[in-house]
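Protein chains: 2
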Amino acid sequence: MHPDRRLTRNQDAVLAVLQEQRSPLSAQALYRLMRDRQPMGLATVYRALDVLKLNGLVQHRVSLEGESLYSSIHQDLHYLTCLHCGQSFVLDHCPVERLEDQIQTSGSFKVYYHTLEFFGLCEPCAHPAAPTPSTVHVDDESTADGEV
Amino acid sequence: MHPDRRLTRNQDAVLAVLQEQRSPLSAQALYRLMRDRQPMGLATVYRALDVLKLNGLVQHRVSLEGESLYSSIHQDLHYLTCLHCGQSFVLDHCPVERLEDQIQTSGSFKVYYHTLEFFGLCEPCAHPAAPTPSTVHVDDESTADGEV
DNA sequence: AGTAGAATGAGAATGGTTATCATTCTAGAA
DNA sequence: TTCTAGAATGATAACCATTCTCATTCTACT
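In structure tokens:
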């Protein structure tokens, strides 16, 4: 990874594959995919993703399982993620672009991308057939809005 | 962690400590803090955070280093994070609350909290004294082996 | 062609988080 | 109060995505 340098063959291949994807991919999944395209070591995949990220070509978010998911910088997808089952639903609207522009033009920080994700419980997890973790009674301190 | 159950002493203590904090804390940091308050095993701290999260009392985001940072659900902090040095700057404005309400009232998903984070390069990392990773030439996409 | 610096691969090491399991606690029943 | 089933807890091993190490290969430039 270096200043004013053109991407390497591997970095280019990783970027190309990412740009074909419809949804974010983990580094490991990407590594497996590369076998049929441009086989390379796992470490190289991670390094390539780092370079691409530092150059504003790729973005990433972290799944609930702690896995980093990468996608092309041009994808502006956001999610509703269930804290219980971990399933993610895609949101079609992004209300943040304007703010990003504001930050951008205010100088002093160059914004490449942003993540916006909502967490909570999806319908099945919130109202399961059999009772499931949902309501909790908190006695003291601030909160006490149990009821779900 | 169980249905319609009051928080345990430990879970209560973890929540209380979190509510005193001004900024998000990692589970490990929290574990260290608890020693002076309500000593408990590291695993219990993680379990408590899970329960609190599933009940909408605590939120978390993941740092660039892959560490989960927890905070009270009432903190609505968002960040500008530098991809190069990892430093985070707090944003004072959150433009997303309205959308959260929309999702909330549209039914079918109960939103507890959201994360909003901008990534890019901070001033020092973007314009360092000595040249640093910044510019990259991409000749479109799948140019795997062109000239070079 | 020759050389310095960068990239790469393979595998070891790291470190936050989760799983395991024996023990302790809690809330309700008798 | 005592008894008991189910839940919570602690200590530690196991996991696993990611990073590091280092010897080797490539690349760009002279």
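Residue numbers (the working numbering), protein chains in the order written: chain A, 27 to 174; chain B, 27 to 174.
Built from N, CA and C at the ideal position, the CB exists for glycine as well.
Since we're looking at a predicted model, the values are computed, not measured.
For residue i, the residue or residues it bridges with in DSSP
i: G146(B); result: V137(A) and C108(B)
i: R87(B); result: L95(B)
Short CB-CB distance (under 8 Å) between residue i and chain A
i: P65(B); result: no
i: N36(B); result: no
i: Y57(B); result: no
i: Q101(B); result: no
i: T70(B); result: no
i: Q113(B); result: no
i: A152(B); result: yes
i: E91(B); result: no
i: V88(B); result: yes
i: L147(B); result: yes
i: S237(B); result: Nothing about residue 237(B) can be read from this structure; chain B reaches only from 27 to 174.
i: L44(B); result: no
For residue i, three-class secondary structure by DSSP
i: R32(B); result: coil
Within-8 Å CB hit, residue i to chain B
i: E123(A); result: no
i: Y138(A); result: yes
i: L95(A); result: no
i: R75(A); result: Residue identity check: residue 75(A) is Leu in the sequence provided, not Arg. False, the Cβ-Cβ gap to chain B never drops below 8 Å.
i: T141(A); result: yes
i: V84(A); result: no
i: L109(A); result: yes
i: L51(A); result: no
i: V116(A); result: no
Problem - Unbroken stretches of the alpha helix (DSSP H), 4 residues or longer, contained in the region 40-71 of chain B - result: 53-60
Practice task
Scan the region 91-140 of chain B and note each continuous beta strand (DSSP E) run of 3 residues or more that stays entirely inside, going in chain order.
Solution key: Counting only runs of 3 or more, we get 94-98, 104-108 and 114-117.
Exercise for the section: Spell out a yes or no on whether the region 92-108 of chain B and the region 48-67 of chain B are touching, meaning 3 or more CB-CB pairs, one atom from each, closer than 8 Å. Expected result: yes
Handout entry: Three or more C-beta pairs below 8 Å linking the region 33-47 of chain B and the region 72-80 of chain B
Key = Touching, yes.
Problem - Stretch pair the region 136-153 of chain A + the region 107-115 of chain A: three plus CB contacts closer than 8 Å - result: Judged by pairs of C-beta atoms under 8 Å, the region 136-153 of chain A touches the region 107-115 of chain A, as three or more such pairs exist.
Problem - contact_flag[the region 126-134 of chain B, the region 65-72 of chain B] where n(CB pairs < 8 Å) is 3 or more - result: no
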